[in-house]
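Protein sequence lines, in the order shown, are assigned to chains A and B. All residue numbers for the first sequence refer to our numbering, where the first residue is 1315 and numbers rise by one. All residue numbers for the second sequence refer to our numbering, where the first residue is 179 and numbers rise by one.
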Amino acid sequence: MFVRREVRSLSDDTLAEYAAGVGVMKKRNPADKTSWWYQAAIHGSQEAADDLYNQCKHGSWYFLAWHRMYLYYFERIVRAAVVEAGGSEDWALPYWNYAIDRNHSTLPDGFRKPDDEATNPLFVALRRPPELGIPGINEGAGLPWEKLAEAEAKALARPQFIGDTQVGGFGGGRGPAEPKLYSQTGVVELRPHNNVHNLVGKEGWMADEDAAAKDPIFWLHHANIDRIWAQWQSDGNQNPTEGAWRDEPFAFFDVDGGEDHKTPGQVLDTVTDLEYAYDVVPSAGGGGEPEEAAVPAGAAEPDPKVVAAGDGLILTGGPEDVSVPFEQRAQAEVEEASRETDPRDLYLNIEDIEAKMNPGTVYAVYVNLPKNPNQETLDAHYAGSISFFGIERTNDPRADEHPHGLRYSLEIGDLLRSLGDGERYKEEGVHVTFRPETLEAPEGMAETEALAIAEAPKEESPVQIGRVSLSVG
Amino acid sequence: MTALRATRQRPALWVEAGAVFSWLLLAVAMGEGRGDASGGSGSFWGEGPLWICTTGLTHVATAGHGGEGPTLQVAALATGAPILGLMTAAMMLPTAMPVVKHVAVNSLYWRRQRATLEFLCGYLGIWLGFTALVLLPLSAAVPATGVTLAVALTIAAAWQLTPLKWRALRACHRPSPLPAHGWRATAGAVRFGLRNGAACVASCWAMMAAVALVSSSMLVWMAAVTAIVTLEKLSQKPRQTARRVALPLVAAAIGVALATVVG
């Protein structure tokens, strides 16, 4: 049994051994299936040189299972490389839990010191750079860990894997198994997964699906996402039972370079199926036949009703606003659904998102945000964060699957209820604001100065949002 | 209440019903033996619906050159044009259902049906235009023999293997923003219909051209092509499915060619 531990809790040589193993793999011929570069290309590559390049699964219910398998085989290959470099035979991949507190939110020292790619296999120069007074990720700036902690808690609180059609469940919608025109990203994939890719890798490798797995921190980030799935399973939640999910085979290369296959149904229990556990997660069981769950993995609910829709907008890195105007009957519907007693939820939908490339920015989305807000006001009107990791492939997938337009939905019922009557909605509609998220400002920087950085106009690669709408269901 | 719930869960129910109705009507119309309208001897089952239209067109072209007179032209076109519309609806509505549902559930809920109708105007409009401007003249110009059908099926099979085909199939899944209000909402839904219809034509023009050259068992051919196009659009692995579809098309081409030689 191998135990994956939080990277900052390590007191042994695990991280140094990881560096040594990565070093060994980087020296291998890129055509070697167990080389660093081949393993990264399985996730994504600009080239299409081999059948098993560009296999990563995003925006569907395969996301968690595919990445669990990917990490499993990678970990076996690294372990062999660690042993080859003289390390321990029970080496296990650590995970990076950036959402514990501010101290844990910075990139662990081993990945940024020494800052020389020639001598430190874990260092990558192409990570998020400094921005207007806020240090870059390699300079020790922290991720917005409180938002990430909230995202993890919200994801863990979703009882359904597939979920309803509007927001998606914990793990993602049926994706290619169900003919929808938009991606069905699971909540845990949207946040924290996508956002951390951008927060760490803006203008670098981690924000690029084709390069992300070349950064050694990629694997610790995904181990953390896998830990969250293991936690969700351990909490008694039910994975999909449909054969289209459980029995879909995926191919990888094992430690001997030979091709091997697994299905999601074969990786449900990390302990019995894959011989690893997380230090903080009790075993969930579940390797055998699923028991009847209190909440089914996916329920066929009617689609929410769209009650209002506004124009699209273009995001270029600075703050942007858009109005979602109400017709009279929409106002009545929203007013009714906003009542505490109404069981329906309200969804803010950001739709038909297209871009040639992921600009690497994470946008915090606010509803009815007053002008010149302070941090307290921002917190009160915060609906969620979105980012566009992987947008390049939504309309041009490398693998053999249909394209899917990108859209995100945020639940805003509780937010609207928490706002005062005057701010809940205006008669003319809901006002939506997008503001770029920054890394944590250094201690000592004034709040107004930190907020000004987010508000500064920028000229990034544009992201087109086709429509912003409000639905009830 | 049951009807209301059904409409809520299947907002495009009337389109699904329309597709089924189109097939039923087509089967009835084709089974009635309209060969009489052409003055020909065989049952319409044996002639193909495009034949009625093309007969009309041919007679338009030959009028004044000893043709059989305007009565036949009017009769042929009057019976052929509605059948043409039915054919298009019957074959293309089932393949478009995921997109139709997308339009319905993503429009303001009080204009779901209207937006769906607007989308269909664009989508079916493109197909009707393609049929009238390309398939009909093709059907009129090329004799519907076993040889021409075998050639058309071979071309359709070859098209299945091209990257252009895969790109077109991919474009069938690309959504388009749907504005909410006023003329922009109408324009948005129609534009989406036109764009999706154009992608659909680009994806399966070759199979449809083969259908246009069928001279017997038309309903069976239509059903087979509809099933294939629907399968491609719903497939989890569309490129693989598109490639595999080439096999039955080649098999059909060989079968038709052999039947022609033996016959």
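All residues carry an ideal CB built from backbone N, CA and C; glycine is no exception. Here the structure is a predicted model, which is why all the values come from computation and not from measurement.
Checklist entry - Would DSSP call serine 1402(A) helix, strand or coil? => result On the first sequence, position 88 is the one that residue 1402(A) refers to. Of the three classes helix, strand and coil, the one that applies to serine 1402(A) here is coil, per DSSP.
Item to check | C-alpha gap between phenylalanine 1532(A) and isoleucine 261(B), whole angstroms | outcome: In the first sequence, the residue the question calls residue 1532(A) occupies position 218. In the second sequence, the residue the question calls residue 261(B) occupies position 83. Distance between the alpha carbons of phenylalanine 1532(A) and isoleucine 261(B): 59 Å.
Next on the checklist: Once DSSP output is grouped into helix, strand and coil, what is the label at isoleucine 1476(A)?
Outcome noted: Stepping through the first sequence from its first residue, residue 1476(A) is reached at position 162. Residue state, collapsed to three classes: coil.
Item to check | Rounded Cβ spacing between glycine 1790(A) and glutamate 1665(A) (contact assumed at less than 8 Å) | outcome: No statement about residue 1790(A) is possible, as the shown extent of chain A runs from 1315 to 1787 and does not include it.
Next on the checklist: Considering just the uninterrupted stretch of the alpha helix (DSSP H) at threonine 404(B), what are its terminal residues?
Outcome noted: Within the second sequence, numbered from 1, the residue matching residue 404(B) stands at position 226. Start and end: 396 to 412.
Item to check | 6 Å CB neighbourhood of leucine 286(B) in its chain, flanking five on each side removed | outcome: Along the second sequence, one-based indexing puts residue 286(B) at 108. Only Ala358 meet the Cβ criterion.
Item to check | Selection of the stretch 1692 to 1714 of chain A by Cβ proximity to chain B, strictly under 9 Å | outcome: Asn1709, Asp1710, Pro1711, Ala1713, Asp1714
Item to check | Under 9 Å between C-beta atoms of threonine 404(B) and alanine 268(B) | outcome: Within the second sequence, numbered from 1, the residue matching residue 404(B) stands at position 226. Within the second sequence, numbered from 1, the residue matching residue 268(B) stands at position 90. A contact, by the Cβ cut-off of 9 Å.
Next on the checklist: Let me confirm a value: glycine 234(B) is counted as buried when at least 16 other C-beta atoms fall within 10 Å, else exposed. Which label applies?
Outcome noted: By one-based count along the second sequence, residue 234(B) stands at place 56. Note that glycine 234(B) scores a pLDDT of 48, beneath 50, so its modelled location is shaky; the value from the coordinates is reported in the next line. It counts as buried.
Checklist entry - Going by beta carbon distance, what residues of the same chain come within less than 6 Å of alanine 1525(A), once the five residues before and after it are set aside? => result Position 211 of the first sequence holds residue 1525(A). Contacts found: Trp1519.
Checklist entry - Helix, strand or coil: which one does DSSP assign to aspartate 1635(A)? => result For the purposes of this step, residue 1635(A) is taken as the residue at position 321 of the first sequence. Three-state result, aspartate 1635(A): strand.
Checklist entry - Applying a beta-carbon distance threshold of less than 7 Å, which residues of chain B neighbour lysine 1619(A)? => result Sequence index remark: in the first sequence, residue 1619(A) carries index 305 (1-based). What lysine 1619(A) touches in chain B: Tyr287.
Next on the checklist: Can you pull the chain B neighbours of lysine 1494(A), defined as C-beta to C-beta under 8 Å?
Outcome noted: Taking the first sequence and counting its residues from 1, the one referred to as residue 1494(A) is at position 180. Under the 8 Å cutoff, chain B gives Pro276, His280.
Checklist entry - Considering only C-alpha positions, which residue in the set Arg1560(A), Asp1714(A), Thr1420(A), Lys1619(A) is nearest to leucine 1457(A)? => result Taking the first residue of the first sequence as position 1, residue 1457(A) is located at position 143. Answer by Cα proximity: Thr1420(A).
Item to check | Closer than 7 Å at the beta carbon, the chain A residues around proline 426(B) | outcome: As a position in the second sequence, residue 426(B) is number 248, starting the count at 1. Here the premise fails: no neighbours, minimum Cβ distance about 19 Å.
Checklist entry - In chain B, which residues lie with their C-beta within 7 Å of the C-beta of glycine 1626(A)? => result The residue labelled residue 1626(A) in the question sits at position 312 within the first sequence. Ordered by position in chain B, the residues that pass the 7 Å Cβ test against glycine 1626(A) are Pro355.
Item to check | Proximity of alanine 1527(A) and histidine 1745(A) at Cβ, strictly below 9 Å | outcome: As a working note, residue 1527(A) is residue 213 in the first sequence. As a working note, residue 1745(A) is residue 431 in the first sequence. No. Outside cutoff.
Item to check | Simplified DSSP assignment, three categories, for threonine 1328(A) | outcome: As a working note, residue 1328(A) is residue 14 in the first sequence. Three-state DSSP puts threonine 1328(A) in a helix.
Checklist entry - Expressed to the nearest angstrom, what Euclidean distance is found between the alpha-carbon atoms of alanine 335(B) and leucine 425(B)? => result As a first step, residue 335(B) must be located in the second sequence, where it is residue number 157. As a first step, residue 425(B) must be located in the second sequence, where it is residue number 247. Going by the C-alpha atoms only, they are around 7 Å apart.
Checklist entry - Since tyrosine 1386(A) and leucine 1588(A) are thought to touch, with beta carbons under 8 Å apart, how far apart are those beta carbons, to the nearest angstrom? => result The sequence position of residue 1386(A) within the first sequence is 72, counting from 1. The sequence position of residue 1588(A) within the first sequence is 274, counting from 1. Their Cβ separation, rounded to whole angstroms, is 5 Å, which keeps tyrosine 1386(A) and leucine 1588(A) in contact under 8 Å.
Checklist entry - According to DSSP, is serine 1788(A) helix, strand or coil? => result Nothing in the structure corresponds to residue 1788(A), since chain A is present only between 1315 and 1787.
Next on the checklist: Just to confirm before moving on: does the CB-CB distance between proline 341(B) and glutamate 1715(A) stay below 9 Å?
Outcome noted: Here residue 341(B) is taken as the residue at index 163 of the second sequence, counted from 1. Here residue 1715(A) is taken as the residue at index 401 of the first sequence, counted from 1. Not a contact, by the Cβ cut-off of 9 Å.
Item to check | Exposed unless 16 or more other CB atoms sit within 10 angstroms - verdict on serine 1402(A) | outcome: Residue 1402(A) sits at position 88 when you count from the first residue of the first sequence. Looking at its Cβ environment, which holds fewer than 16 other Cβ atoms inside 10 Å, serine 1402(A) is exposed.
Checklist entry - By the criterion of Cβ-Cβ separation under 8 Å, what are the contact partners of valine 423(B) in chain A? => result What you label residue 423(B) is simply residue 245 of the second sequence in a count that begins at 1. Near valine 423(B) there are no residues of chain A at all, since even the closest Cβ is about 14 Å away, more than 8 Å.
Next on the checklist: From the DSSP secondary-structure annotation, give me the bridge partner or partners of leucine 1627(A).
Outcome noted: Numbered from 1 along the first sequence, position 313 holds the residue referred to as residue 1627(A). Paired residues: Ile1779(A).
Next on the checklist: Using the Cβ count rule (16 or more neighbours within 10 Å means buried), how would you classify alanine 1766(A)?
Outcome noted: The residue labelled residue 1766(A) in the question sits at position 452 within the first sequence. Exposed.
Checklist entry - What residues from the stretch 398 to 416 of chain B come within 9 Å of chain A, judged by C-beta to C-beta, listed N to C? => result Lys411, Leu412, Ser413, Gln414, Lys415, Pro416
Next on the checklist: Against alanine 1646(A), what residues of chain B qualify as contacts under a CB-to-CB distance less than 7 Å, listed in chain order?
Outcome noted: Residue numbering aside, residue 1646(A) sits at position 332 when the first sequence is read from its first letter. What alanine 1646(A) touches in chain B: nothing, since even the nearest Cβ is about 12 Å away.
Checklist entry - According to the neighbour-count rule (16 or more other Cβ atoms, all chains shown, within 10 Å of its Cβ), is leucine 436(B) buried or exposed? => result Taking the first residue of the second sequence as position 1, residue 436(B) is located at position 258. Exposed: under 16 other Cβ atoms inside 10 Å.
Next on the checklist: At 3 residues or longer, what runs of the beta strand (DSSP E) sit wholly inside the stretch 1385 to 1430 of chain A?
Outcome noted: none
Item to check | Spatial distance of proline 1473(A) from serine 1548(A) (CA atoms) | outcome: To locate residue 1473(A), count along the first sequence from 1; it is residue 159. To locate residue 1548(A), count along the first sequence from 1; it is residue 234. Going from the Cα of proline 1473(A) to the Cα of serine 1548(A) covers about 12 Å.
Next on the checklist: Counting only C-beta atoms, is alanine 429(B) closer than 9 Å to chain A at any point?
Outcome noted: As a first step, residue 429(B) must be located in the second sequence, where it is residue number 251. It does not: the Cβ of alanine 429(B) has no partner Cβ on chain A nearer than 9 Å.
Checklist entry - Hey, does proline 1789(A) have any beta-carbon neighbour from chain B nearer than 9 Å? => result Shown here, chain A extends from 1315 to 1787; a query on residue 1789(A) therefore has no answer.
Next on the checklist: So, with DSSP's three-state summary, where would you put proline 1771(A)?
Outcome noted: Stepping through the first sequence from its first residue, residue 1771(A) is reached at position 457. In this structure, proline 1771(A) counts as coil in the three-state DSSP scheme.
Item to check | Own chain residues within Cβ distance below 6 Å of histidine 1381(A), not counting five before or after | outcome: Position 67 of the first sequence, counted from the start, is the residue given in the question as residue 1381(A). Taken in chain order, the residues that qualify are His1536.
Checklist entry - Among Gly1424(A), Gly1743(A), Glu1757(A), which residue has its Cα nearest to the Cα of glutamate 1649(A)? => result Stepping through the first sequence from its first residue, residue 1649(A) is reached at position 335. Considering only alpha carbons, the answer is Gly1743(A).
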